[in-house]
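Peer 1:
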Amino acid sequence: MVNILWDILLLSVAVFLVAELMPGIRLKNFGTAVIVAVVYSLINFLIGWLLLFLSLPLIIITFGLFKFIINGFLLLLTDKMLDDFEIDGIGTTFLAAFLITIFDSILRWIF
Numbered sequence: 630m631v632n633i634l635w636d637i638l639l640l641s642v643a644v645f646l647v648a649e650l651m652p653g654i655r656l657k658n659f660g661t662a663v664i665v666a667v668v669y670s671l672i673n674f675l676i677g678w679l680l681l682f683l684s685l686p687l688i689i690i691t692f693g694l695f696k697f698i699i700n701g702f703l704l705l706l707t708d709k710m711l712d713d714f715e716i717d718g719i720g721t722t723f724l725a726a727f728l729i730t731i732f733d734s735i736l737r738w739i740f
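Counting the sequence shown from 1 gives a position; this note's numbering is that position plus 629.
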């Protein structure tokens, strides 16, 4: 249980950092980043595995890069579900998903 909370906190920090760096993403505050991390994690848990399974051939062909497209789609769903979290366009969504994945990986490596 502590690991799940730690993962949510690290993902929240990654979301908050990306929102601060990119002008096309708006968060109300850090609490919103925590909510975004929880909703994103739930969506990833509920349908992320199915998307990964269905797109496995594309993931293999692109050497795993198609996972960034899936992450962008999951972030887009999160954007549509929350009012205090806004992303301007589809390009910004995919760039944000890429950066969130990178920052989250770096934070997990550090901590």
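We put the CB at the ideal spot given by N, CA and C, even for glycine.
Since the model is a prediction, treat every value here as computed from it, not as a measurement.
Determine contact between the segment 649 to 665 and the segment 682 to 692, defined as no fewer than three beta-carbon pairs at a distance below 8 Å.
Peer 2: no
Peer 1: With a floor of 4 residues, list each alpha helix (DSSP H) that falls wholly inside the segment 648 to 705, ordered by position along the chain.
Peer 2: Listed in chain order, they are 659 to 672, 678 to 683, 685 to 690.
Peer 1: Could you please give me the residues that DSSP links to Ile716 through a beta bridge?
Peer 2: Ile654
Peer 1: For Glu715, which of Val665, Ile637, Asn632, Val642 has the nearest alpha-carbon?
Peer 2: Val665
Peer 1: Spatial neighbours of Thr707 within its chain, please: CB distance less than 8 Å, with the 5 preceding and 5 following residues excluded, ordered by chain position.
Peer 2: Val665, Val668, Tyr669, Ile672, Phe714
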